[in-house]
Amino acid sequence: MALDYRTFNAGVLFLISIHPVTAFSYGLQVIGQLEDAGVGLTRETVTFSDYSSSFSFQNVLISLIFDCIMWGVISWFLNRVVKGDYGQPLPLYFPFTSQYWCPGPSHLAQEDSDTIEDSAVPVEPASDALKTRENNVHIRGLRKQYGEKVAVDGLNLSMYSGQVTALLGHNGAGKTTTINMLTGMEAPTSGYATISGMDIRNQMQLIRDNVGICLQHDCLFPQLTVKEHIEFFARVKGLHAKHSRTDVDAMVMNSIADVALLEKRNTFAKDLSGGMKRKLSVAIAFCGGSKTVFLDEPTSGMDPFSRRFTWNVIRQYRQDRCIILTTHFMDEADILGDRIAIMGEGQLRCAGSSIFLKRQFGVGYHLTIEKQPFCESKEMLESIDSTAG
Numbered sequence: 016m017a018l019d020y021r022t023f024n025a026g027v028l029f030l031i032s033i034h035p036v037t038a039f040s041y042g043l044q045v046i047g048q049l050e051d052a053g054v055g056l057t058r059e060t061v062t063f064s065d066y067s068s069s070f071s072f073q074n075v076l077i078s079l080i081f082d083c084i085m086w087g088v089i090s091w092f093l094n095r096v097v098k099g100d101y102g103q104p105l106p107l108y109f110p111f112t113s114q115y116w117c118p119g120p121s122h123l124a125q126e127d128s129d130t131i132e133d134s135a136v137p138v139e140p141a142s143d144a145l146k147t148r149e150n151n152v153h154i155r156g157l158r159k160q161y162g163e164k165v166a167v168d169g170l171n172l173s174m175y176s177g178q179v180t181a182l183l184g185h186n187g188a189g190k191t192t193t194i195n196m197l198t199g200m201e202a203p204t205s206g207y208a209t210i211s212g213m214d215i216r217n218q219m220q221l222i223r224d225n226v227g228i229c230l231q232h233d234c235l236f237p238q239l240t241v242k243e244h245i246e247f248f249a250r251v252k253g254l255h256a257k258h259s260r261t262d263v264d265a266m267v268m269n270s271i272a273d274v275a276l277l278e279k280r281n282t283f284a285k286d287l288s289g290g291m292k293r294k295l296s297v298a299i300a301f302c303g304g305s306k307t308v309f310l311d312e313p314t315s316g317m318d319p320f321s322r323r324f325t326w327n328v329i330r331q332y333r334q335d336r337c338i339i340l341t342t343h344f345m346d347e348a349d350i351l352g353d354r355i356a357i358m359g360e361g362q363l364r365c366a367g368s369s370i371f372l373k374r375q376f377g378v379g380y381h382l383t384i385e386k387q388p389f390c391e392s393k394e395m396l397e398s399i400d401s402t403a404g
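Under the numbering used here, think of the first position of the sequence shown as 16, with each following residue one higher.
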């Protein structure tokens, strides 16, 4: 049933016109009225109304402009404070904080890491030169809980620019959850982290400008070619605004060549092998000059040759970048990691260089076993476990 606007006064019409559909509907009714009168909508008739409310088409335009501003502000606010599937909501009072309007390095990043990191965990001290570098990542008391399940439990860790930090642990150790929190895909239950001096809780938009990520599972567009993928993500990261078209094209081709996909540059992603898709994901993470790069098991699904090739690519890119790599391969962590952080049950067990960890815990065991027929594997593993620890 249509509303009879002639029964409302101007105040009521302004109030119900807060809903833009109502204002639009009334505007159409006014236009129809003017057309019936044979005068139409012109500059002279825009203020005309034969209703007792004197609510004219000009008032409709004012209401619609007000609606655009009001609903735009409400959408902008709710988009930042309502918790969704991904990301971390800002506090309700965020518009009144200076940090939101005038962002800068967080004072939390200035805290001395030596005084924060858990002394009960064997951690190799970092040099003063490392601590003063830009693009460092500091994690302090980071915790993520899903119902009763604690995925990450009070993690304290620092990762430094110019190095590859390998997060080593079995499946379910909390590595991927940590990456998800650092990249803003999930909100931490408590604790915080800073990336290049910016807090992940309220400065994620700025952090993303200089962050690249290679997810555990390929997130590629099936109908885009290798070259189009790199061009797209380079544009998303603002590379086209900083460099000429010629320079960007050269950077794109260099990125493709670095991962040995030059011959496949015009091949659709859906036609690539699993290993090639992983190479493309690594290239995307580094494109655009990202200063902090997260690689979540980047070599999974690769053959041994491709794995070693990708290791060389990662080592080549580590200059002036903070690279955080997750893996459950000890050899990969040993070869790539300038610092290795071992996680278990969501907690940091130890962190330091490969030499530091070997000195701390020994170099490990080489055990060769020849199984006899009818050998019980479970009992054998339990025996080895109890003997070797």
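Even for Gly, the Cβ is constructed at its ideal location relative to N, Cα and C.
On a predicted model such as this, the values are computed, not experimentally measured, just so you know.
field: Uninterrupted beta strand (DSSP E) stretches inside the segment 263-339 (no shorter than 3 residues)
entry: Listed in chain order, the beta strand (DSSP E) runs fully inside the segment 263-339 are 307-311, counting runs of at least 3 residues.
field: Sequence-distant residues of its chain with Cβ nearer than 6 Å to L49 (five each side left out)
entry: Reading the sequence shown from its first residue, position 34 is the one you call residue 49. Counting only Cβ-Cβ distances below 6 Å, and skipping sequence neighbours, we find G55, L56, T60.
- prompt: In whole angstroms, what is the alpha-carbon distance linking T402 and R374?
  reply: Taking the sequence shown and counting its residues from 1, one reaches residue 402 at position 387. Taking the sequence shown and counting its residues from 1, one reaches residue 374 at position 359. Spanning the two alpha carbons is a distance of roughly 21 Å.
Where the alpha helix (DSSP H) through N24 begins and ends: Along the sequence shown, one-based indexing puts residue 24 at 9. First-last for N24: undefined, no H or E at that position.
message: Out of D335, G316, R323, I271, which one is the CA nearest neighbour of A11?
response: Since the first and last residues shown for the chain are 16 and 404, residue 11 lies out of range.
query: How would you label V97, buried or exposed, when you count the other beta carbons within 10 angstroms and need 16 or more for buried?
result: Numbered from 1 along the sequence shown, position 82 holds the residue referred to as residue 97. V97 should be labelled exposed.
query: Smallest Cα separation from Y108: which of L93, Y161, G102?
result: Reading the sequence shown from its first residue, position 93 is the one you call residue 108. The option with the nearest alpha carbon to Y108 is L93.
query: Beta-carbon separation of V241 and I271 under 8 Å?
result: The residue you call residue 241 lines up with position 226 of the sequence shown. The residue you call residue 271 lines up with position 256 of the sequence shown. Yes, the pair counts as a contact, with Cβ atoms nearer than the cut-off.
task: For D133, I'd like the list of residues in its chain whose CB is within less than 6 Å of its CB, leaving aside the five on either flank, ordered along the chain.
output: Locating residue 133 in the sequence shown gives position 118, counting from the first residue. Note on D133: pLDDT 49, under 50, position unreliable in the model; the coordinate value appears next. Within the same chain, D133 has close Cβ partners N171.
task: Would you kindly work out how many angstroms separate the C-alpha atoms of S259 and G304, rounded to a whole number?
output: Looking up residue 259 in the sequence shown gives position 244. Looking up residue 304 in the sequence shown gives position 289. Using only the alpha carbons, I get a separation of about 15 Å.
query: Taking C-beta to C-beta, are D318 and G290 nearer than 8 Å?
result: Residue mapping note: residue 318 aligns to position 303 of the sequence shown, counting from 1. Residue mapping note: residue 290 aligns to position 275 of the sequence shown, counting from 1. Yes, they are a contact pair.
field: Residues bridged to R158 [DSSP beta-bridge criterion]
entry: For this step, residue 158 is matched to residue 143 along the sequence shown. Answer is S205, bridged to R158.
query: What residues match up with K164 in a beta bridge as DSSP calls it?
result: Your numbering for residue 164 matches position 149 in the sequence shown. Note: K164 sits in a beta bridge opposite Y161.
field: Beta-carbon proximity list for T204, same chain, < 6 Å, skipping 5 on both sides
entry: For the purposes of this step, residue 204 is taken as the residue at position 189 of the sequence shown. Answer for T204: R158, K159, Q160, listed in chain order.
field: Pick from G377, F72, Q218, K294 that is closest to G47, judged by C-alpha positions
entry: Position 32 of the sequence shown, counted from the first residue, corresponds to residue 47. Nearest C-alpha to G47: F72.
task: Could you tell me whether the Cβ atoms of V192 and I339 are closer together than 8 Å?
output: For this step, residue 192 is matched to residue 177 along the sequence shown. For this step, residue 339 is matched to residue 324 along the sequence shown. Residue identity check: residue 192 is Thr in the sequence provided, not Val. Not a contact, by the Cβ cut-off of 8 Å.
query: By how many angstroms is the C-alpha of D82 removed from the C-alpha of H34?
result: Within the sequence shown, the letter at position 19 stands for residue 34. Within the sequence shown, the letter at position 67 stands for residue 82. Distance between the alpha carbons of H34 and D82: 7 Å.
- request: Going by DSSP, name the residue or residues bridged to M358.
  value: Locating residue 358 in the sequence shown gives position 343, counting from the first residue. Beta-bridge pairing links M358 to L363.
message: Please report the distance separating the alpha-carbon of L230 from that of G169.
response: Taking the first residue of the sequence shown as position 1, residue 230 is located at position 215. Taking the first residue of the sequence shown as position 1, residue 169 is located at position 154. Taking the straight line joining both Cα atoms gives about 23 Å.
field: Beta-carbon contacts of A146 that lie in its chain and below 6 Å, excluding the five residues immediately before and after
entry: Here residue 146 corresponds to residue number 131 of the sequence shown, with the count starting at 1. The residue you asked about is not Ala; residue 146 is Lys in the sequence shown. When the five nearest sequence neighbours on each side are left out, no beta carbon in the same chain lies closer than 6 Å to the beta carbon of K146.
- prompt: Does DSSP put Q125 in a helix, in a strand, or in coil?
  reply: Looking up residue 125 in the sequence shown gives position 110. Low confidence applies to Q125: its pLDDT is 48, below 50, so where it sits in the model is not reliable, and the reading given next is rough at best. Correct three-state label for Q125: helix.
- request: Using a threshold of 8 Å, state whether the C-beta atoms of A300 and L287 are closer than that.
  value: Looking up residue 300 in the sequence shown gives position 285. Looking up residue 287 in the sequence shown gives position 272. No, Cβ-Cβ distance for A300 and L287 is not below 8 Å.
query: Around the Cβ of H381, are there at least 16 other Cβ atoms within 10 angstroms (buried) or fewer (exposed)?
result: The sequence position of residue 381 within the sequence shown is 366, counting from 1. By the neighbour-count rule (16 or more Cβ atoms within 10 Å), H381 is not buried but exposed.
Residue-level contact to chain C via CB, H153, 8 Å cutoff: Protein chains in the displayed structure number just one, and chain C is not present.
task: Kindly indicate which residue of S369, M266, R223 has the alpha-carbon position closest to the one of K306.
output: Reading the sequence shown from its first residue, position 291 is the one you call residue 306. Of the listed residues, the one whose Cα sits closest to K306 is R223.
query: Nearest to L79 by alpha carbon, out of T314, S398, V36, V297?
result: Position 64 of the sequence shown, counting from 1, holds the residue named residue 79. Nearest of T314, S398, V36, V297 to L79, Cα basis: V36.
field: Reference L197; option with closest CA among K164, K257, G102
entry: The count along the sequence shown starts at 1 and reaches residue 197 at position 182. Of the listed residues, the one whose Cα sits closest to L197 is G102.
query: Residues bridged to C229 by DSSP?
result: Stepping through the sequence shown from its first residue, residue 229 is reached at position 214. According to DSSP, which records beta bridges pairwise, C229 is partnered with L310.
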